[in-house]
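Enquirer:
Number of protein chains: 2
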Amino acid sequence: MNLLLLEEADFIAADRVVLRDRRLVHMQDVHRAAVGDNLRVGRVGGLMGNAQLLRLESSEAELQVSFDLQPPAKLPLTLLLALPRPKMLRRVLQTVAAMGVPKVVLVNSYRVEKSFWQTPFLEPEAIREQLILGLEQARDTVLPEIVIEKRFKPFVEDRLPAMTASTLGLIGHPGDYPACPRGLDEPVTLAIGPEGGWIPYEVDLLTKAGLQPVQLGARILRVETAVTALLSRLF
Amino acid sequence: MNLLLLEEADFIAADRVVLRDRRLVHMQDVHRAAVGDNLRVGRVGGLMGNAQLLRLESSEAELQVSFDLQPPAKLPLTLLLALPRPKMLRRVLQTVAAMGVPKVVLVNSYRVEKSFWQTPFLEPEAIREQLILGLEQARDTVLPEIVIEKRFKPFVEDRLPAMTASTLGLIGHPGDYPACPRGLDEPVTLAIGPEGGWIPYEVDLLTKAGLQPVQLGARILRVETAVTALLSRLF
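Chains as they are written, first to last, in full-length UniProt numbering: chain A, 1 to 235; chain B, 1 to 235.
1. Would the C-beta of B:G183 count as close to the ligand ATP, meaning under 7 Å from any of its heavy atoms?
2. Is any beta-carbon of chain B found at less than 8 Å from that of A:D140?
3. With distances taken Cα to Cα, identify the nearest neighbour of B:R55 among B:P161, B:G196 and B:A33.
4. Report the neighbours of A:N38 on chain D: residues whose CB is nearer than 7 Å to its CB, in chain order.
5. Three or more beta-carbon pairs under 8 Å between the region 12 to 23 of chain B and the region 112 to 131 of chain B, yes or no?
6. Taking any Cβ of chain A, which residues in the region 190 to 221 of chain B have a Cβ under 8 Å from it, in chain order?
7. Along the chain, where does the alpha helix (DSSP H) containing A:T95 start, and where does it finish?
8. Residues of chain B with CB closer than 8 Å to the CB of A:N2, please, in chain order.
9. Counting contacts by CB-CB distance shorter than 8 Å, is B:A33 in contact with chain A?
10. What beta strand (DSSP E) runs, 3 residues minimum, are completely inside the region 109 to 173 of chain A?
11. State yes or no: is the C-beta of residue 238 of chain B within less than 8 Å of the C-beta of A:A126?
12. So, do the region 176 to 183 of chain A and the region 140 to 155 of chain A have three or more beta carbon pairs nearer to each other than 8 Å?
13. Pop quiz: A:E202 and A:F152 are said to be a contact at Cβ under 8 Å. What is the actual Cβ separation, rounded to whole angstroms?
14. From which residue to which residue does the beta strand (DSSP E) around A:S66 run?
15. Give me the Cβ distance between B:L105 and B:V147, rounded to the nearest whole Å; I'm assuming they're in contact under 8 Å.
16. Could you check whether the region 184 to 197 of chain A touches the region 219 to 229 of chain A, counting it as contact only if at least three pairs of C-beta atoms, one from each stretch, sit closer than 8 Å?
17. Using a Cβ-Cβ distance under 8 Å, would B:M99 count as near chain A?
18. According to DSSP, is A:M27 part of a helix, a strand, or is it coil?
19. I want to know whether the region 205 to 214 of chain A touches the region 164 to 179 of chain A - three or more CB-CB distances under 8 Å.
20. Tell whether a beta-carbon distance below 8 Å holds between B:F116 and B:L81.
21. Chain A partners of B:A229, CB-CB under 8 Å?
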């Protein structure tokens, strides 16, 4: 946790918060904070700033806070991601939040196991929990938007074309394709497939919606690694 | 597992192997392989090729194998990595093997907790197990070399300068430094710090050994994500 993220419910006055949950434990056990210490804080969806620890007890801490700093810019990106297996989903959500992806569409694919859609990790509160962990890691305050699309074809045919309009549309896909471009400034829509990859029918539909396959080389990467590698290369 | 990696002990003849361990279970449960099926195989440290499944029983499988393909090229890189916490270490070892890092030096740092050096995951067999998983994921056969350096100063002063000679030496380090370069062809020595980063004394010593700090932006990434992001950007 490199940033203590504050929720509206934490505020007892405009410049005072009281913490009682895992953030209190983290301050005690990891930061080993003491009264008078200064900590970096951010307001979920708002500015970042500083806090001074006024009172620290075993069950709660009180901090005086001030905010003066914009969170870092997001990437100009919409990430279209075949739903990963539940354990990977949690890590990927942290990663995309940490790397500054503003919008993720979790979409079905032929190679997504049906059981993946049943996971409790897709509940809004569970998604938010992982995103918050990623924001705390990277020092950001703005939650990415997560959209769930359980049906591939209607999403790609009916809604994706509007999403990709005036962006560079790319499909991260191993094979005999152009190399993934580097260091872009323009807005990108990037589709990353499931373990085993998109099937040819899916690549066809994505291509018709305006996306072009690009590759990172012969090595097949895990989804989480592929997400990081593609984003880091693109921007 | 995108490549079935074969050890010398698996061979019962020049073109025959018998498998009984987790690879057998994987063939049965994930690949749902049947007699006559073809599978991609590789020989640890050697060529890749094809296997045909000759016999499949609950306790063992026999395959006929042939080898004709070079594994993918490694990156021109030596990675100097502050020892991560044990759980992260295992994932990082998989990641570096998957991404094609040929040599990793695990080094101490002020912010590496002493207990991390006690983990059984540093045993040679445990390290090898994670590297094999990464090679199987990415389709490579050549194990990276892992060097363990428990003392930072003698390593950086006495051995690092020879390692970095005629390479571009870089330290991935957040702060007011030049941006990490992109798309290099030349050999690189890259140092990545622990959670919380290298301390200034360590950056000084690394700089004297010929490495220069570069940064990826304001976001603080987990070690595993930083490794992937830096490698993907550099090469």
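Beta carbons: idealized from backbone N, C-alpha and C, even for Gly.
Expert: According to the structure shown:
1. With respect to the ligand ATP, the structure offers nothing, as it holds no ligand at all.
2. One-based indexing of the first sequence puts residue 140 of chain A at position 140. With 8 Å as the cut-off, A:D140 counts as an interface residue toward chain B.
3. Translated into positions along the second sequence, residue 55 of chain B becomes position 55. By alpha-carbon distance to B:R55, the top candidate from B:P161, B:G196 and B:A33 is B:A33.
4. The structure shown contains no chain D; its protein chains are A and B.
5. With a cut-off of 8 Å on Cβ pairs, the region 12 to 23 of chain B is not in contact with the region 112 to 131 of chain B, counting fewer than three such pairs.
6. Within the region 190 to 221 of chain B, the residues whose Cβ lies closer than 8 Å to some Cβ of chain A are L216, G217, A218, R219, I220 and L221, listed in chain order.
7. Against the first sequence, residue 95 of chain A aligns to sequence position 95. In the DSSP annotation of this structure, the continuous segment of the alpha helix (DSSP H) that includes A:T95 starts and ends at P86 to M99.
8. Within the first sequence, numbered from 1, the residue matching residue 2 of chain A stands at position 2. What A:N2 touches in chain B: I220.
9. Within the second sequence, numbered from 1, the residue matching residue 33 of chain B stands at position 33. B:A33 does not count as touching chain A.
10. Within the region 109 to 173 of chain A, the complete beta strand (DSSP E) runs of at least 3 residues are 145 to 149 and 168 to 172.
11. Because chain B is modelled from 1 through 235, residue 238 of chain B falls outside the range shown and cannot be assessed.
12. At 8 Å Cβ cutoff, the stretches do not touch.
13. Stepping through the first sequence from its first residue, residue 202 of chain A is reached at position 202. Stepping through the first sequence from its first residue, residue 152 of chain A is reached at position 152. So it is a contact: roughly 7 Å between Cβ atoms.
14. For the purposes of this step, residue 66 of chain A is identified with residue 66 of the first sequence, where counting begins at 1. Counting along the chain, the beta strand (DSSP E) containing A:S66 begins and ends at A61 to L69.
15. In the second sequence, the residue the question calls residue 105 of chain B occupies position 105. In the second sequence, the residue the question calls residue 147 of chain B occupies position 147. Looking at the sequence itself, residue 105 of chain B is Val, so the reference to Leu does not match. The pair is a contact, with the Cβ atoms about 5 Å apart (cut-off 8 Å).
16. Yes, the region 184 to 197 of chain A is in contact with the region 219 to 229 of chain A.
17. For the purposes of this step, residue 99 of chain B is identified with residue 99 of the second sequence, where counting begins at 1. The C-beta of B:M99 comes closer than 8 Å to at least one C-beta of chain A.
18. As a first step, residue 27 of chain A is located in the first sequence; it is residue number 27 there, counting from the start. In the structure shown, A:M27 sits in a helix (DSSP, three-state: H, G or I).
19. Under the 8 Å Cβ criterion, the region 205 to 214 of chain A counts as touching the region 164 to 179 of chain A, having at least three qualifying pairs.
20. Translated into the one-based positions of the second sequence, residue 116 of chain B becomes position 116. Translated into the one-based positions of the second sequence, residue 81 of chain B becomes position 81. No. Outside cutoff.
21. Sequence index remark: in the second sequence, residue 229 of chain B carries index 229 (1-based). Result: M99, T228, A229, L231 and S232.
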